[in-house]
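No gaps in the numbering here: position 102 of the sequence shown is 121 in the numbering used here, and each next residue is one more.
Even for Gly, the Cβ is constructed at its ideal location relative to N, Cα and C.
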Amino acid sequence: MNKRLIVAVTGASGSIYGIRILQQLRAIGGWESHLIVSEAGVLNAWQEYGLARKDINKLADVVHNPRDVGASIASGSFITHGMVIAPCSMKTLSGVAHAYSDNLITRAADVILKERRRLVLLVREAPLNLAHLRNMVAVTEMGGVIFPPVPAFYSKAKTIDAIVNHTAGRVLDLFDVHHDNIARWRGMRAPRAKSAAGTKRKGR
Numbered sequence: 020m021n022k023r024l025i026v027a028v029t030g031a032s033g034s035i036y037g038i039r040i041l042q043q044l045r046a047i048g049g050w051e052s053h054l055i056v057s058e059a060g061v062l063n064a065w066q067e068y069g070l071a072r073k074d075i076n077k078l079a080d081v082v083h084n085p086r087d088v089g090a091s092i093a094s095g096s097f098i099t100h101g102m103v104i105a106p107c108s109m110k111t112l113s114g115v116a117h118a119y120s121d122n123l124i125t126r127a128a129d130v131i132l133k134e135r136r137r138l139v140l141l142v143r144e145a146p147l148n149l150a151h152l153r154n155m156v157a158v159t160e161m162g163g164v165i166f167p168p169v170p171a172f173y174s175k176a177k178t179i180d181a182i183v184n185h186t187a188g189r190v191l192d193l194f195d196v197h198h199d200n201i202a203r204w205r206g207m208r209a210p211r212a213k214s215a216a217g218t219k220r221k222g223r
């Protein structure tokens with residue numbers, strides 16, 4: 020049986036992260052993706068990339084209605100390897116931090132935490148106020164992983180698409196999804212020696 024991963028897309032900017040994770044999971048194979056997209060997540064995907072709900076849904080193996088709190092993933096008896104919320108809005112972060120399960124996204128996240136499985140939140144907001152920071156601490160103390168999608172410039176990415184791919188790959192690392200989709204750190208490179216012309220002293 021394929022391993023299962025829940026992917027939620029909420030209303031913060033950056034729906035491309037959830038979309039790219041779904042695309043990479045399908046390309047890698049061996050994983051069954053369970054998708055939840057909030058209403059605000061749909062609006063952002065359309066605003067940022069011209070994608071409708073149906074366009075995102077076709078990337079997943081199983082699609083859940085965000086209002087269906089009776090879905091399979093709402094129970095701890097349904098085995099998954101964890102859940103990623105990408106991107107994670109501050110409203111969703113607050114719901115997770117306070118176990119306020121008013122929709123399937125926050126309910127599924129609550130289940131992941133109570134079952135001691137891996138929960139990763141790609142929080143997207145800047146600057147952050149004190150409530151945001153305290154909610155991140157609360158989720159971390161409960162075992163969740165706060166993963167702001169910060170670019171890794173050592174990868175020498177030349178396009179936005181490459182930056183997104185690297186972030187998505189690093190998220191998959193956290194769930195032990197084996198892949199070779201990113202430029203991995205291999206240690207510091209020695210600085211280039213200055214050329215002879217560059218070191219020549221100027222004449223007086």
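Please go through the same chain and pick out, in chain order, the residues whose beta-carbon is closer than 7 Å to the beta-carbon of residue i, but skip the five residues on each side of it.
i, result
"Asn21", "Gly49, Trp50, Glu51"
"Trp204", "Tyr173"
"Glu134", "Gly95"
"Ala71", "Trp65"
"Thr186", "Tyr36, Pro168"
Give every residue of the same chain whose Cβ lies closer than 6 Å to the Cβ of residue i, excluding the five residues on either side of it in the sequence, and list them in chain order.
i, result
"Ile114", "Here residue 114 turns out to be Gly, not Ile, going by the sequence shown. The residues are Thr125."
"Gly37", "Val26, Val28, Ala105"
Thinking C-alpha only, which one of the options is nearest residue i?
i, options, result
"Leu41", "Ala157, Ala31, Gly30, Arg23", "Arg23"
"Thr99", "Leu112, Leu132, Ala171", "Leu132"
"Asp129", "Gly33, Tyr68, Val158", "Val158"
In this structure, what does DSSP give as the bridge partners for residue i?
i, result
"Glu51", "Arg23"
Just the Cα atoms here: how many angstroms apart are residue i and residue j?
i, j, result
"Trp65", "Ile35", "11 Å"
"Asn76", "Glu144", "25 Å"
"Met207", "Ser96", "46 Å"
"Val196", "His117", "29 Å"
"Leu54", "Ile201", "24 Å"
"Ile182", "Met161", "29 Å"
"Met155", "Arg45", "30 Å"
Let me confirm a value: residue i is counted as buried when at least 16 other C-beta atoms fall within 10 Å, else exposed. Which label applies?
i, result
"Thr178", "exposed"
"Pro85", "buried"
"Asp199", "exposed"
"Asp121", "exposed"
"Arg211", "exposed"
"Ala69", "One point to set straight first is that residue 69 is Gly, not Ala, in the sequence displayed. That one is exposed."
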